[in-house]
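Residue numbers (our numbering): 111 to 334.
Cβ coordinates follow ideal geometry from the N, Cα and C atoms, glycine included.
Step one of this worksheet: look at the structure below.
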Ligand SMILES: Nc1ncnc2c1ncn2[C@@H]1O[C@H](COP(=O)(O)OP(=O)(O)O)[C@@H](O)[C@H]1O
Ligand SMILES: [Mg+2]
């Protein structure tokens, strides 16, 4: 599902050269749940951004969901993005729209046929335990619920791969555990997941394969 071969990423800020990733190679198979961890600045966000082609690598090869990401032409990028669901630290919901509309909006943009939208939105809301809150506005939802809507929005795409970048970063510990439990349930129903967190505690609680980045290098791959 995901394969990186000797991937490097250098950011250039004028004369300054930042090696965000160096010689990173690994593979995540279909149906796997892998955690990407390591301290702040280790390169986790950069790595995820390379997978959905928000950044291009300075070297190496990347394959995601059957796409050769490094060779992808600009016009093909939306096809890659369609195959990937993404959840960030902040839910980034449209404030004036209900939970339902936030999810439906993304599906319309993808060109999902109208009659499929309502069932897919409700199926996704059910998967995160929020069927009853479909008509709530983001401001009427707790942070944890907002993050569950963001997760439902990603799931409604029925993605081949679910990426999450610090999805519990704005939540307290109890709510973080609930959200992680949802990721676990989603994985059990067959979605491939790559979840980045700087928290070693959360990473170890998930008891899944853990890839550890340090200063842009993959230093550990354990529990697979
Ligand atoms: N857009 C960017 N431009 C320049 N440097 C960046 C950019 N994004 C990240 N970096 C640098 O790359 C390194 C890795 O950052 P990042 O991928 O955000 O790590 P993490 O998500 O593990 O905290 C850091 O040194 C960071 O400052
Ligand atoms: Mg990050």
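Cβ-Cβ separation, residue j to residue i (assumed contact under 8 Å), whole Å
i, j, result
"residue 306", "residue 154", "4 Å"
"residue 301", "residue 272", "5 Å"
"residue 145", "residue 299", "About 18 Å; that fails the 8 Å criterion."
"residue 136", "residue 275", "The Cβ separation is near 17 Å, so there is no contact."
"residue 254", "residue 288", "6 Å"
"residue 197", "residue 277", "5 Å"
"residue 138", "residue 112", "4 Å"
"residue 147", "residue 308", "7 Å"
"residue 280", "residue 200", "6 Å"
"residue 269", "residue 152", "With a Cβ gap of about 25 Å, residue 269 and residue 152 do not count as contacting."
"residue 265", "residue 209", "With 8 Å as the limit, residue 265 and residue 209 do not qualify as a contact, their Cβ atoms being about 13 Å apart."
Any non-hydrogen atom of ligand 1 closer than 6 Å to residue i Cβ
i, result
"residue 330", "no"
"residue 152", "yes"
"residue 210", "no"
"residue 249", "no"
"residue 130", "yes"
"residue 162", "no"
Any non-hydrogen atom of ligand 2 closer than 6 Å to residue i Cβ
i, result
"residue 228", "no"
"residue 180", "no"
"residue 155", "yes"
Residues that DSSP places opposite residue i in a beta bridge
i, result
"residue 143", "303"
"residue 127", "122"
"residue 272", "195, 303"
"residue 116", "Partner(s): none; residue 116 has no beta bridge."
"residue 328", "323"
"residue 136", "114"
Three CB pairs or more closer than 8 Å across the region 234-242 and the region 148-164: Contact fails: fewer than three Cβ-Cβ distances are below 8 Å.
The region 118-137 contacting the region 179-187, beta-carbon criterion three pairs below 8 Å: In short, these stretches do not touch, since the Cβ pair count stays below three.
Contact the region 208-220 vs the region 243-259: 3+ CB pairs below 8 Å: As far as the Cβ criterion goes, the region 208-220 touches the region 243-259, which means the pair count is three or higher.
Inside the region 160-212 only - beta strand (DSSP E) runs reaching at least 3 residues: Every beta strand (DSSP E) of 3 residues or more that sits fully in the region 160-212 is shown, in chain order, as 169-174, 194-197.
Segment contact flag, the region 215-224 with the region 279-297, C-beta cutoff 8 Å, min 3 pairs: As far as the Cβ criterion goes, the region 215-224 does not touch the region 279-297, which means the pair count is below three.
Completely contained beta strand (DSSP E) runs for the region 302-326, where each covers 3 or more residues: The qualifying runs are 302-307, 319-324.
Contact the region 166-173 vs the region 314-329: 3+ CB pairs below 8 Å: Flag = no, the region 166-173 and the region 314-329 do not touch.
Sequence ranges, beta strand (DSSP E) only - wholly within the region 235-299, length at least 3: Listed in chain order, they are 271-275.
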